[in-house]
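Numbering (this note's numbering), first residue to last: 897 to 1085.
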């Protein structure tokens, strides 16, 4: 940790901790009463300062916003049931990723996995390994398709700039509606 400060949001005290890492992206998380902001060490100081400011503001907005998200994963499943469900669902997920890739992207895909992640719905590595969040298995198919298309678009464009969103929109013209719907669900469970 290279810096820390205390803030108050809606009468609640929070500690904001800033870290430097070898990651390429800036990350912010809230856990209990601590907001952790991790910034790439290699970024210029001005860029780190701007990112820290923006991430802190985003986390404050998140704390102020009423929490009305729906848990994506049913509460009544045991860990063993979750693991079995993920294993049984993997062939279907692989088939859907392959189908959407063949129809729209024609990219060389590495591994396709289902993972439990508390921070994102999916990911695409630099080797085009696609990870889909376990929680998506419980959501409507159109939301899973949105995440799959989003990750497949990263095989063509690695960032979230305008060109990336054009690729997503070409495949899913209503992607903004799906993205908005996905925000209703919580990953924590």
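Beta carbons: idealized from backbone N, C-alpha and C, even for Gly.
What's the C-alpha gap between residue 948 and residue 1000? When rounded, the separation of the alpha-carbon atoms in residue 948 and residue 1000 is 36 Å.
Applying the criterion that 16 or more other CB atoms from any shown protein chain within 10 Å of the CB defines a buried residue, is residue 1045 buried or exposed? Residue 1045 comes out buried.
Enumerate in chain order the residues of its own chain whose CB-to-CB distance from residue 943 is below 8 Å, with the five nearest sequence positions on each side excluded. Excluding positions up to five away in sequence, the list is empty.
Sort out for me which residues DSSP pairs residue 905 with in a bridge. As a beta-bridge residue in DSSP terms, residue 905 pairs with 908.
Would you report the Cα separation of residue 1047 and residue 1018, rounded to the nearest angstrom? Cα-Cα distance, rounded: 7 Å.
Does the segment 1070-1083 come within contact of the segment 1003-1022, defined as at least 3 CB pairs closer than 8 Å? Three or more Cβ pairs closer than 8 Å define a contact, and the segment 1070-1083 meets that threshold against the segment 1003-1022.
Between which two residues does the beta strand (DSSP E) holding residue 933 run? It spans 930-936 - the beta strand (DSSP E) in which residue 933 sits, taken as one unbroken run.
Rounded Cβ spacing between residue 1027 and residue 1054 (contact assumed at less than 8 Å): About 15 Å separates the beta carbon of residue 1027 from that of residue 1054, a gap too long to meet the 8 Å contact definition.
For residue 997, count the other beta carbons within 10 Å of its own beta carbon; 16 or more makes it buried, fewer makes it exposed. Which is it? Burial check for residue 997: the Cβ neighbour count within 10 Å reaches 16 or more, so the residue is buried.
Runs of alpha helix (DSSP H) wholly within the segment 1021-1066 (minimum 4 residues, chain order): Within the segment 1021-1066, the complete alpha helix (DSSP H) runs of at least 4 residues are 1037-1049.
With DSSP run on the structure shown, which of helix, strand or coil describes residue 968? It is coil, neither helix nor strand.
By the 10 Å Cβ neighbour count, where 16 or more other Cβ atoms means buried, how is residue 1042 classified, buried or exposed? It is buried - the Cβ of residue 1042 has at least 16 other Cβ atoms within 10 Å.
Apart from the five residues just before and just after residue 1049, which ones in its own chain have a Cβ nearer than 7 Å to its Cβ? Non-local C-beta neighbours of residue 1049 in its own chain, meaning closer than 7 Å and more than five positions away in sequence, comprise 1060, 1063, 1064, ordered along the chain.
In the DSSP assignment, find the unbroken alpha helix (DSSP H) run with residue 842 in it and report its ends. Nothing about residue 842 can be reported from this structure: the residues present for the chain run from 897 to 1085 only.
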